[in-house]
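Below is one structure, written out as structure tokens; comments come after it.
In the numbering used here, the protein residues as written are 5 to 352.
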């Protein structure tokens, strides 16, 4: 526990990706709860910073372009920016060389990070307060980084910011599409090719949701490849699904808040949906669901095959995702919808 200093200025370093930044939000909220008058900044890279916009627990977002360490001028400017803020503590929630370097450049005398194996590359050499992660899920592992500050077992609270224009725009869109009465969201995309589930199987889930639960599906996407997959799902859904318009991250979060169910493989939108409280069915292949699954008791993470411990997740084949059948996902959807319907009846 830190006793030599009384920290008042904190830097969180979680540069990417979207889902990982979502998983780090409980650390921010626990830090703000325990240090309500402190200055808290977050260094973030690329599009992931959009999920932090408007967060009440943050005093500043320090935005960095992707691959910023390859541009000396940006590194020099970053160093000056960080040093002017006189941080007491930097928390490296990523555990990589580049994130530990940002913490080091900040000049913070206390740099908290993960011990090996969660602290990778040279991060364990650059951070000077190492925490051995013992929890199973990455959300709870990240919260363990607060232990040197005397914060133990805090609740995992996300408080994902809500964007009012995005909320109103999506409300109008849902009304125009006759979806205001209820719908599911299907997200076919994923960051790695071996995390993808075939679009025709997602279409089978959409047909099931319509036939059994009278629940239409809205298929969200980002980029041309996902747009094509979304089109395939809609075409093969027999009228059970419609394709969403292009959405920003705040608009996607607004759709998630309005949905009854979110079905997706392991990717940022899944974790956004879980963070705003939408019941999720997560489909997992190369990464372990117990560590990376949609967080919270209202969610079901489906995983039918575990890769060998000697196989690198990015190098794994597609067999893990292909082992998940349509019936497996439909059964998980049924279980969630039966539970949420029961809750609605009790509170009606």
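The beta carbon of each residue, even a glycine, is placed where N, CA and C say it ideally should be.
Look at residue 55 here: in three-state DSSP terms it is helix. Inter-segment contact for the segment 218-229 and the segment 295-305 is absent: fewer than three beta-carbon pairs are separated by less than 8 Å. For the pair residue 110 and residue 130, the CB atoms are not nearer than the 8 Å cut-off. In the three-state reduction of the DSSP assignment, residue 12 falls in the coil class. When the alpha-carbon of residue 207 is set against those of 334, 62, 37, the nearest one is in 334. For residue 247, the enclosing beta strand (DSSP E) begins and ends at 245-247. Between the segment 186-206 and the segment 231-238, the count of C-beta pairs closer than 8 Å reaches three or more; the two stretches touch. For the pair residue 331 and residue 105, the Cα-to-Cα distance works out to about 46 Å.
Scanning 159, 256, 231, 317 for the CA closest to the CA of residue 172 turns up 256. Fully contained in the segment 220-286 are the following beta strand (DSSP E) runs of length 3 or more, in chain order: 221-223, 245-247, 265-269.
For residue 206, the enclosing alpha helix (DSSP H) has its first and last residue at 203-217. Bridge partners of residue 45 according to DSSP: 15, 64. Counting along the chain, residue 117 sits inside the beta strand (DSSP E) bounded by residues 114-118. Boundaries of the beta strand (DSSP E) harbouring residue 306: 304-306, taken from the DSSP string. Look at residue 135 here: in three-state DSSP terms it is strand. Residue pairing by DSSP places residue 188 opposite 221, 265 in a beta bridge. Exposed is the label assigned to residue 182, since fewer than 16 other Cβ atoms lie within 10 Å of its Cβ.
Exposure of residue 216 is indicated by the presence of fewer than 16 other C-beta atoms within 10 angstroms of its C-beta.
If you look at residue 140, you'll find it isn't in any alpha helix (DSSP H); DSSP assigns it neither H nor E.
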